[in-house]
Each structure stands twice: as C-alpha cells, then as structure tokens.
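Accompanying notes for the structure given below.
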Amino acid sequence: MSGRDVVEQPNIQQDAQAQPEPTQQRTVTQQKKQENLIAQQRREAGLESNRSRSSSRRQRRKRIQQALDEGKYMKTSSLEALEEADANQELMSMQPFERIGPDSTSMDGPVTHARAMRGEIPVRGSNPNQPYYMPKQEEKGSQLKDTDGLKLSLEANLDIEIELKASIRGDLTLSLYEAM
C-alpha cells in the first residue's frame, strides 16, 4: 500500500456541489481551488453580469500590479501578458519556477514541479482544472531501461564530460544506443 492510497484525496468537483453550502476543504489551497471552481462554473453558466466581469478585470489588474510590486513577477513582464495568463488561470497553476531564491534553494521549484508532474506529490496551486495528483504515466520500456546497472541518458547538442571511477567485478559490457 503506497502513501497515496492512505491520503484522502479531495473531490473538489463533488464538494463544490454540496447543498446548502459547499464542503469546507482541509487546506487553504484546496479551499481556494474549490472557490475558483465555483467562480468558473458561475462564469460558464452565464450568472455573472457585465458589471461583475468589469469589476473582476479591475480586481485582476490590481492583484497583478500588487504582485509585481511585491516582486512575485519580474518587472520586465508585460502587464498585458500577465493579465492574459491570469485570465487563463495559468498564474494559479503550479509553475516550475515559482520561487527562485538564493543558490541553496534555486532548484526547489523545478524539482518540486517535476515530482508533482510524475505523481509523487500533490500538485500545488489553486487552478481548479488541475488534479490533486497527476496520473502516473506508464513508462515505455526499452531494452536498455529494462537491464540492471548504470544508465545515462543524454539530450542532443550537449557537450558532456564524465569521469567515472568504479571497481568492477565480473564482465563489463558497454552498449551505446542512438535514440531516434
């Protein structure tokens, strides 16, 4: 039994439809995700008037300007691009480079994002269209991946120098495969 089987996964879609009030979520992020889902459903159902769309645009501009002032986004990013990303809920989604700090923590964001995309940890962010866990994808096997031992995959156009020191007992077989 893996840890994911033990953890209660919220069903935001179902909880948002609960009557008379939507279910209170366990975490702030899950609650925000549920509120965003309810707002999205209201927009899609046409329950918002033109005035509320106008006020939401003003709130969006104010929220983005405040985030720019706080240093969440780079000053070189255009306000229009940030507004469009916010309207598409891209700013609420988990991003690989959310928090870039000093060298000691600069890779925390990309590593956390990669683990979430592999389904190892819950996906962060309040985008209601993102699942709580990303579904695990079946890895396509290859002859090299199915064998035991040290494996190294390289991307094209990289100059790589590797120094490997090892004590080898038994036979050594070196296989080079060209990926197409």
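Its first residue numbered 940, the sequence shown is counted upward by one per residue in our numbering. Every residue, glycine too, gets a C-beta built ideally from N, C-alpha and C. Since the structure is predicted, the reported quantities are computational estimates derived from the model, not experimental observations.
Residue i versus residue j - alpha carbon distance
| i | j | result |
| --- | --- | --- |
| I951 | Y1071 | 9 Å |
| Q964 | M1033 | 19 Å |
| M1073 | Q979 | 21 Å |
| Q956 | Q973 | 10 Å |
| Q1028 | K1104 | 48 Å |
| E1009 | T1015 | 14 Å |
| L1018 | Y1012 | 10 Å |
| G985 | S991 | 11 Å |
| E1022 | E960 | 31 Å |
| S1106 | I1003 | 56 Å |
| A1024 | E983 | 18 Å |
| E987 | Q1076 | 38 Å |
| K971 | L1007 | 21 Å |
| R1108 | R1057 | 35 Å |
Exposure label - residue i; buried when at least 16 CB within 10 Å
| i | result |
| --- | --- |
| L976 | buried |
| S993 | exposed |
| Q1069 | buried |
| P1067 | buried |
| Q1005 | exposed |
| Q969 | buried |
From the options, residue whose alpha carbon lies closest to that of residue i
| i | options | result |
| --- | --- | --- |
| E1059 | S1065, N1066, T1051 | T1051 |
| R1000 | A1055, A1020, E1102 | A1020 |
| P998 | A1026, E983, R982, P959 | Reading off the sequence, residue 998 comes out as Gln, not Pro. Of the candidates A1026, E983, R982, P959, the one whose C-alpha sits nearest the C-alpha of Q998 is A1026. |
Endpoints, alpha helix (DSSP H) assigned at residue i
| i | result |
| --- | --- |
| Q1076 | Taken as a continuous stretch (DSSP letters only), Q1076 belongs to no alpha helix (DSSP H), as it is neither H nor E. |
| L1018 | 1018 to 1026 |
| T1015 | Unbroken run through T1015: none, as it is neither H nor E. |
| N975 | 967 to 983 |
| A957 | Premise fails: A957 is in no alpha helix (DSSP H) and is neither H nor E. |
Cβ-Cβ separation, residue j to residue i (assumed contact under 8 Å), whole Å
| i | j | result |
| --- | --- | --- |
| M1031 | S995 | The Cβ separation is near 14 Å, so there is no contact. |
| P899 | P1049 | In the structure displayed, the chain extends from 940 to 1119; residue 899 sits before or after that span and is not available. |
| T962 | D954 | 4 Å |
| A1053 | R1063 | Wrong, their Cβ atoms sit about 13 Å apart, outside the cutoff. |
Any non-hydrogen atom of the ligand NAD closer than 7 Å to residue i Cβ
| i | result |
| --- | --- |
| P1049 | Looking at this structure, you won't find the ligand NAD or any other ligand, since it has none at all. |
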